[in-house]
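Beneath this line is the structure, given in structure tokens, with notes to follow.
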Amino acid sequence: MALRSLLLKLAAAAFSFSVSATAYVQKESIFAFSATDTGFQLGGPGLAPEIRVAPNDLPGVKRVANDLAADFGRVLGVDGTTVVADWDSTVSHKNNSRPVIILGTVGQSSLIDSLVDKKRLDTSGIAKKWETFSYQVVQTPWEGRNAVFVIAGSDMRGTVFGAYDVAQRIGVSPWHYWADVPPTKRQYIWASNTVYSEGPPSVKYRGIFLNDESPGLTGWGRAKFRVSQYGSPFVTDFYKLIFDLVLRLKANYVWPAMWSSMFYLDDTRNGPTATEYGVFMGTSHHEPMARADKEQGRFLRGAWDWKSNKAGVQTFMREGVTRSVNWTTIYTLGMRGSGDAASPSLDSSTLEEVIRWQQSTLTQVLGKPLSDIPQAWVMYKEVPGYLQKGMKVSDEITLLWSDDNRGNIRRIPSSSENARPGGSGMYYHFDYVGDPRNYKWINTIQLQKTWEQMTLAYDSGIHNIWIANVGDLKGLELPTAHFLALAWDRESFRDVASTKQWLKAWSALQFGEAAAEETASIMTTYGKLTARMKYEDLSRTPFAFSTLNYDEAETNLQEWTDLLSRAQRVHDSLPANVQVSFWEVVLHPVMAGRGVFEIYTKTALGSQYANEHRTSANKLAREVQAAFAADAEITRRFHSLLNGKWNNIMAQTHIGYTNWQEPPSNSLPRLSWVTSSARNALMGVSTQGSTTSFPGTTRLTLPAMSPYMSPSDRRWLEVYTRDNGTFTYSITSNASFVSISNPNRTLSAPGGTSDVRCILAVDWKSAPTGYSVASLTVTNLNATGTAATVILPIENYKVPDDFKGHVEANGVVSIEVEHSAPSPATSSEYMVVPDYGRTLSGVKLPPKTVSQSPGQGSVLVYPFYTFSNASAASLTVYLSPSENANPNSPNRYSFSVDGGSVTTVQPVPLTDGSTQPAGWAEAVIQGAYVKKSNLGRLAAGRHELRVWLLEPTMVLTKLVVDVGGLKASLLGPPESAIVGY
Ligand SMILES: *[C@@H]1O[C@H](CO)[C@@H](O)[C@H](O)[C@H]1NC(C)=O
Ligand SMILES: *[C@@H]1O[C@H](CO)[C@@H](O)[C@H](O)[C@H]1NC(C)=O
Ligand SMILES: *[C@@H]1O[C@H](CO)[C@@H](O)[C@H](O)[C@H]1NC(C)=O
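Structure representation (structure tokens):
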């Protein structure tokens, strides 16, 4: 093979790039992969590059060179090699038979620096920047050498990120180990003659917190790694896998597992290994001075109490710093009480003293000025209260703000807080143990919400630290990848549609281009369904989703079922080696999540069926039992993947919560059964939306039908067996314009068809105008005289031809907020956040908007039409569970109807900063603040609702005007019909 001639065909015109959906995360790839491509050849059949690192470069660069060589091997089938040497020390490289990659750090690599000196390489664009890299083909770098490929970093991590960026673009996913994403096999790898560069990152320190790590991650680790003398499986072999992932995701910061682990002691190589890799280690919010909470029990003399045992606590803290002098560390400062709780004896002035002492100890022990020591004080739980009470904080400390443990940022910093040299950070949760309930089983994160909250954080000046609690990590691949991508490059997430675009690009990288679009759509829907309620919260009674109104519970379960078939279809279409990864990240959460929803939905429906004495209550109960068994089976399947690679993971209990803490084991909810009774009425009839049924009640009434019914709304009644036996029914209507499906059937139990749903239809052209009533008779043909009467109210009204907007049906006008009157009525400043929240989308002001005054500024306009004369109408406003992130300007909205007086509502009360506001638990559980205001009399006819969001820190998701027909539900009625736009 004429390698030499292949090597330098830099014919740019013939070069085709693989830019597609992946371009979004990848920006523009400079690599191409087919035999007919050209450029600088990095790999071919039997050909892999030599990766050359200068002897004087940093340890992390030498280490990553081996990873890059192995990654070329994963892709090409033949490993690259690594050489640590200057250019002149060998001769083998001088011929052009093998591609050479120069990997090095500006100012730290004799290879890079010599190319710069000779003006073969320009690093002025990256030099002295934080974690920045570029790569490119360099022509005639040394005498006799035609070209080399150069990856240059501005600092050690810059170089490491450059190497891993190349690895990802040639086909090795950051998730190669943690989500079993197979490498993309390639025969050829070419690089075009372009300079590619990334960095510096948007957020300086970006990372993850391994937490709530038992039983899943701990059980898995115990079976996999040599357990430390202290009993922890989180030894260096484990952390190497974590650091590999973190760095491939271009992050640099880790809080280690700490429930029963001591990072620096469980394996004495942990500290130096993190430093060698280039990862900053921290300790969690309540573990100051680089010492694990679990070290207190073993090594602290006396109590963890500054007031009564200052000397003991100081010795303990100083030892933590002394131990860490040679390691890359971000020091957690401050102090909380024992075991992640508020301290009874600390107040603001004591805390000021604690931090003063900690800072002087840091400078003393580390021999550096405070400005060179990264430090964070975490504004978690009660801690912001100290600050709010006027506590003074040193300027060098990063104020690490936090969310409410449910993904809602509690407070954004003021501009003066941001201006401090230490700046601001954010501690965010994708997993949590605590009030109101844990969520630590599988992924429940809506990426659109992460985007909304974290761009709020970024645009509020939170640039120094972002750290996410990722629980066991496994299961939270997607939110982790998304969070770190945002932290790396906030600019590429400017567009409000970026979440879906990123998700598609991410899916393409893991599962291939063909599956990308559908996978992104599936996981977007998954995020919406989990935003409605987390799994652990579903056991609350009564069941949150209405089994009675708006077909809410059954529609929700149907959405899960549809989603599962879509995910299964994509899975089955994938090549076998990609299926495992897809199963872990996509199909598993959809399948397992649907199962839990099935359990609770059918339990709730079953209870209603039992009240009606339906024999099918027993069928539902058996289906719940089967779903419960399937849940355990799904977990077992996870454990058996890849010959048990993931044994013991996903072991968290998740069914049968009764308080905030997880139950010891999964348990079935109480099921409802019916038994044979002597009642001779075999036929039962029930109507949608009603708890009364036949034979208890002989005259049943349906909710009204109207030509403006929500498109997803249908009217039905059901006929069913109430005991074992067989009967035939027939339904007749007294109105020719009302028809019904299944007008006659034979039902039987056990074994036959026991239940039939009959759906009504109205021929609106022949229905009388105005209000009328049709009557249907359901007769049991086997039992003379046994008949139920079902009344159907019909509201055949018509809006004026020129009306545009939402139209009342059944006494409500339900509005998805993105469907406002088009601009200019609605101000174009509002942004629609697609797929945000529980139903369709959210609407908000852009993050940097200043507060608006009540009834002024940008407005959302919703024309609507009612047919009812309401004496006591009301408006229900659904908002994101966002906190008052700006305490000087709490979340508020204003509204007016028909140009009348402006009402202003503050949905969330202010607090002193140490507690959650009243109503918080309910809001985070149901994924919304729901606020109702009375509107008084509202006559039938045209109306206009105007809504002003006064703060950029809130998201509006739904509006419901009740003119007398609103029924209880979790999500509110489905959207009303819209005419005209
Ligand atoms: C830090 O590194 C220096 C130089 O290698 C060494 O002498 C010292 O013992 C190290 N300190 C600790 C606490 O490991
Ligand atoms: C119906 O018959 C089955 C089988 O004979 C019996 O197990 C069940 O209890 C009966 N159900 C009712 C509601 O009578
Ligand atoms: C049953 O319904 C069909 C229409 O679906 C109708 O033709 C037939 O007459 C009905 N039979 C009885 C017994 O009502």
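Using the working numbering, read the sequence shown as starting at 930 and increasing by one per residue.
Each residue gets a CB set at the ideal place from its N, CA and C atoms; glycine is no exception.
Coil, strand or helix - residue i by DSSP
i        : result
Gly-1314 : helix
Gly-1573 : helix
Tyr-1455 : helix
His-1358 : strand
Asp-1195 : helix
Gln-1304 : strand
Lys-1531 : helix
Ala-952  : Only weak support exists for where Ala-952 lies, its pLDDT of 33 falling under 50; the coordinates are left without a value.
Arg-1230 : coil
Ala-1738 : strand
Gln-1835 : coil
Ile-1326 : coil
Leu-1689 : strand
Met-1520 : helix
Gln-1287 : helix
Arg-1871 : strand
Phe-1422 : helix
Lys-1133 : coil
Lys-1429 : helix
Lys-1887 : strand
Trp-1602 : coil
Gln-1065 : strand
Asp-1109 : coil
Val-1525 : helix
Trp-1417 : helix
Met-1612 : strand
Asp-1501 : helix
Gly-1901 : coil
Residue i and residue j closer than 9 Å at C-beta
i        : j        : result
Gly-1136 : Val-1035 : no
Arg-1027 : Leu-976  : yes
Leu-1413 : Trp-1380 : no
Gly-1766 : Val-1884 : yes
Thr-1204 : Thr-1257 : yes
Val-1776 : Thr-1384 : Rather than Val, the amino acid found at residue 1776 in this sequence is Pro. Taking 9 Å as the Cβ cut-off, Pro-1776 and Thr-1384 qualify as a contacting pair.
Asp-1764 : Thr-1453 : yes
Asn-1576 : Trp-1149 : yes
Glu-1758 : Ala-1738 : no
Asn-1140 : Ala-1108 : no
Tyr-1193 : Arg-1252 : yes
Met-1520 : Leu-1486 : no
Ile-1055 : Gly-1128 : yes
Leu-1878 : Lys-1733 : no
Glu-1142 : Trp-1188 : yes
Leu-1329 : Arg-1349 : no
Thr-1657 : Leu-1710 : yes
Distance between beta carbons of residue j and residue i, contact taken as under 8 Å
i        : j        : result
Thr-1459 : Gln-1375 : 7 Å
Thr-1061 : Ser-1083 : 4 Å
Ile-1118 : Phe-960  : 6 Å
Met-1218 : Leu-1280 : At roughly 14 Å, the Cβ-Cβ gap does not stay under 8 Å, so Met-1218 and Leu-1280 are not in contact.
Phe-1078 : Ile-1030 : 5 Å
Ala-999  : Asp-1008 : 6 Å
Ile-1451 : Ala-1496 : 5 Å
Below-9 Å beta-carbon distance, residue i vs any chain D residue
i        : result
Gln-1158 : Checking the listed chains, one finds no chain D in this structure; it contains a single protein chain.
If contact is defined by three or more beta carbon pairs under 8 Å, each pair taking one atom from either stretch, is the stretch 1739-1754 in contact with the stretch 1647-1663? no
Strictly closer than 6 Å from CB to any heavy atom of ligand 2: give me those residues in the order they appear in the chain. Thr-1544, Val-1603, Thr-1604, Ser-1605, Asp-1652, Asn-1653, Pro-1679
With ligand 1 as the reference, list in chain order each residue whose Cβ lies under 7 Å from any of its heavy atoms. Thr-1251, Arg-1252, Val-1254, Asn-1255
Touch check for the stretch 1823-1831 and the stretch 1874-1891: three-plus C-beta pairs under 8 Å? yes
Do three or more CB pairs link the stretch 1550-1568 to the stretch 1468-1479 at distances below 8 Å? no
I'd like to know if the stretch 1554-1562 and the stretch 1612-1619 are in contact, where contact means that at least 3 CB-CB pairs between them fall below 8 Å. no
Is the stretch 1386-1398 close to the stretch 1423-1435, with three or more CB pairs under 8 Å? no
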